[in-house]
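As structure tokens, the structure follows; a few thoughts come after it.
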Amino acid sequence: MTSKVYVSDEIKEEIVESSIRPLIRIVPDFPIPGIDFKDITPIVGDYAALELSTMFMSRPVQDLAVDKIAGISSRGLYFAPGIARLLHVGLVPLRKEGKLPWNTYSEDFTLEYGTGVMEMHQDAIKPGERVVVVDDVLATGGTMKAACNLVEQAGGVVVGIVVLIDLGLEVKYNLPVRPHALIQY
Ligand code: AMP
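Its first residue numbered 4, the sequence shown is counted upward by one per residue in the numbering used here.
Laid out in structure tokens, this is it:
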């Protein structure tokens with residue numbers, strides 16, 4: 004059973020534009036020169052904005068018979084647990100290299116301002132499980148692609164991708180499904 008959200012798209016848009024988007028703080032030249040960093044800590048620091056963001060992010064995937072939510076560390080994990088609770092499913096943390104204590108699958112990735120290695124516990128997803136991947140921001144898509152690859156390494160099926168913000172950059176990677184974003188730039 005999933006929690007349904009009965010709010011029209013128009014009302015949702017109004018709430019997003021009046022109460023969520025204005026809380027995004029744009030920090031120039033962070034973490035490196037040339038990057039306009041979207042600081043979302045004012046959103047997660049505001050109870051109503053956090054609740055509403057989580058609720059609206061869960062909406063496009065609530066009827067997809069989801070088995071697990073995979074949350075990308077660090078800031079995807081601001082939202083993934085709330086979405087997992089709303090969908091009544093478990094949470095799979097996707098962490099930076101060396102943070103998870105058990106046997107892991109591993110993927111290298113390139114993001115807007117650097118590179119990294121992402122890991123997932125090998126027993127976190129069973130073959131055939133239907134997974135939604137959650138992150139805060141979609142920029143080039145490199146981070147999201149690595150997350151989807153980890154799910155697929157375990158035999159899971161990526162049935163949804165949800166982000167709070169889509170920067171509107173050219174997504175250079177072939178993602179298994181079209182991402183849903185609450186806020187477009
Ligand atoms: P990408 O892999 O290029 O799509 O970058 C997305 C990841 O990097 C997400 O996990 C974001 O947290 C982070 N990120 C990339 N660019 C930005 C940005 N301009 N502002 C905030 N976070 C960003």
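Heads up, the beta-carbon is just placed ideally off N, CA and C, and yes, glycines get one too.
T107 carries a strand assignment under DSSP once its states are collapsed to helix, strand and coil. Pairing L141 with A83, the inter-Cα distance amounts to about 15 Å. In the structure shown, P25 adopts helical secondary structure according to DSSP, grouped into three states.
Cβ atoms of V160 and R181 stay farther apart than 8 Å, at about 15 Å. Annotation: the continuous beta strand (DSSP E) that includes V136 extends over 133 to 141. With respect to V19, I186 sits close: the two C-beta atoms are nearer than 8 Å.
I46 sits away from V136, with the two beta carbons spaced by 8 Å or more.
The beta carbons of L89 and M123 sit about 22 Å from each other, so the pair does not count as a contact at 8 Å.
Going by C-alpha positions, P104 is about 24 Å away from D139. Beta-bridge partners of Q187 (DSSP): D169. Burial state of L55 is buried, judged by a 10 Å Cβ sphere holding 16 or more other Cβ atoms. With a cut-off of 8 Å on Cβ pairs, the segment 23 to 35 is not in contact with the segment 94 to 112, counting fewer than three such pairs. In this structure, P179 is the residue among I14, P179, K148 with its C-alpha nearest to the C-alpha of V162.
Remark: C-beta atoms of L80 and A52 do not approach each other more closely than 8 Å. When secondary structure is reduced to three states using DSSP, V19 falls in the helix class.
With a 10 Å radius around the Cβ and a threshold of 16 neighbouring Cβ atoms, D70 comes out buried.
Per the coordinates, the alpha-carbon of P130 lies some 23 Å from the alpha-carbon of P63. The straight-line gap separating the alpha-carbon atoms of T113 and V154 is approximately 18 Å. Here E173 is exposed: its Cβ has fewer than 16 other Cβ atoms, across all protein chains shown, within 10 Å.
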